[in-house]
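Novice:
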Amino acid sequence: MTRKTLTLLGGAAGLAIGLSGCSQQAAKAADPAQTAAIAAQIKATEAQWVKEYANRDVNRAVAHYAGDAMLMPAGMDRMSGSKAIRGGLEGLTKDPNFQLTFAAERVEVAASGDLAYTRGTYRMQTTDPKTKQPHVETGNYLTTYKKQADGSWKAVDDMAAPGAPAPAAAAGTPA
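Numbering (numbering that gives the first Met the number 0), first residue to last: 0 to 174.
1) To the nearest angstrom, how far is the alpha carbon of Gln147 from that of Lys153?
2) Whose C-beta lies closer than 7 Å to the C-beta of Ser79 among residues of the same chain, with five residues either side of it excluded?
3) Quick check on DSSP: helix, strand or coil for Gly162?
4) Go ahead and label Ala159 buried or exposed: buried means 16 or more other beta carbons lie within 10 angstroms of its beta carbon, across all protein chains shown.
5) Could you confirm whether any beta carbon from chain B is found closer than 8 Å to the beta carbon of Trp152?
6) Taking contact to mean at least 3 C-beta pairs separated by less than 8 Å, is the region 97 to 117 in contact with the region 134 to 147?
7) Tell me Trp152's beta-bridge partners as DSSP assigns them.
8) Should the region 103 to 113 be regarded as contacting the region 129 to 136, the criterion being three or more beta carbon pairs within less than 8 Å?
9) Whole-angstrom Cβ separation of Phe101 and Gln124, contact assumed at under 8 Å?
10) In chain order, which alpha helix (DSSP H) runs of at least 4 residues are fully inside the region 53 to 99?
11) With a threshold of 8 Å, are at least 3 pairs of Cβ atoms found where one atom belongs to the region 58 to 69 and the other to the region 32 to 41?
12) State the start and end residues of the unbroken beta strand (DSSP E) segment that holds Gly119.
13) Determine the DSSP secondary structure at Ala102, reduced to helix, strand or coil.
14) Return the chain-ordered list of same chain residues with a C-beta closer than 6 Å to the C-beta of Asp157, the five sequence neighbours on each side being excluded.
15) Kindly identify the DSSP beta-bridge partner or partners of Pro133.
16) Counting C-beta neighbours from all protein chains within 10 Å, is the total for Ala36 16 or more, i.e. buried, or is it exposed?
17) Please name the residue, chosen from Asp30, Val108, Trp48 and Pro31, that lies closest to Leu88 on a Cα-to-Cα basis.
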């Protein structure tokens, strides 16, 4: 396994342990209507985020991250904190061929109501530095969100792994 794959798997395992610990510590199960509303809010946030990337609006894209967030894009060094994330995104969005789309296939909200994650697929186009031609990468992502003091949800860990997007869930399978 590559270091990136191990990092992605380790992060996913840590998230799963953290979410299960939160649900075990919760005094009562979260209201299903509340968790559904949170999931819908996070999906809408990600849809807006995609529009901001399309508009190359770095300020708004960075605003989706908590101040101490960690961004781990495929094939790039990890970026820790708003300043590093801003620098990385400014570099990407200067590429004339840059395009990024992503969509969550699954949104899970912890019973505590203060953590959530999305898992989905992405497509990113950049300029290949060797050929100077557009290069398309597809893959999967996992983003952990934490509810902030003001009630907003911010990404605290954002990881991407290149490869074929995961197959769509079978009919009747919860997403």
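The beta carbon of each residue, even a glycine, is placed where N, CA and C say it ideally should be.
Specialist: Let's see:
1) When rounded, the distance between both Cα atoms is 7 Å.
2) Hits under 7 Å: Met69.
3) coil
4) With 16 or more other CB atoms across the displayed protein chains lying within 10 angstroms of its CB, Ala159 is buried.
5) Protein chains in the displayed structure number just one, and chain B is not present.
6) yes
7) The partner list for Trp152 (beta bridge, DSSP) reads Lys146.
8) no
9) Contact flag wrong, Cβ pair sits at about 13 Å.
10) 57 to 61 and 81 to 93
11) no
12) Leu114 to Thr126
13) Ala102: strand per DSSP, three-state reduction.
14) Leu70 and Thr142
15) Thr126
16) Label assigned to Ala36: exposed.
17) Trp48
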